[in-house]
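Residue numbers (my numbering): 193 to 274. Backbone N, C-alpha and C fix where the C-beta goes; we use that ideal spot for every residue, glycine too.
See below:
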């Protein structure tokens, strides 16, 4: 968890920065950054990879659990998945 926090602490997240969090395998999480999502910038490689089922479960709960930080995100994901 400390390494995950350091990844964001040492990075300047300016307006339009894209943060891509990808759940790859049962316990693998990849994080990548794009400097400007409005310019179509998509990262070509992960900035970091984490092996932690606990971290994955916590992020899943924060974004898609019973009380998500962004209910509209849940709706967007449901629309994409359907």
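Near residue 243, what residues of its chain come up, given a Cβ to Cβ distance below 7 Å and the 5 sequence neighbours on each side ignored?
219 and 220.
So, with DSSP's three-state summary, where would you put residue 223?
strand
Using 9 Å as the threshold, is the C-beta distance between residue 189 and residue 193 below it?
This structure leaves residue 189 out entirely; the chain is present only between 193 and 274.
Looking only at C-alpha atoms, which of 254, 270 and 230 sits nearest to residue 213?
254
Any idea what DSSP makes of residue 238, helix, strand or coil?
coil
State the Cα-Cα distance for the pair residue 262 and residue 211, rounded to the nearest angstrom.
15 Å
Considering just the uninterrupted stretch of the alpha helix (DSSP H) at residue 271, what are its terminal residues?
263-273
Quick one: Cα of residue 268 to Cα of residue 252, how far?
15 Å
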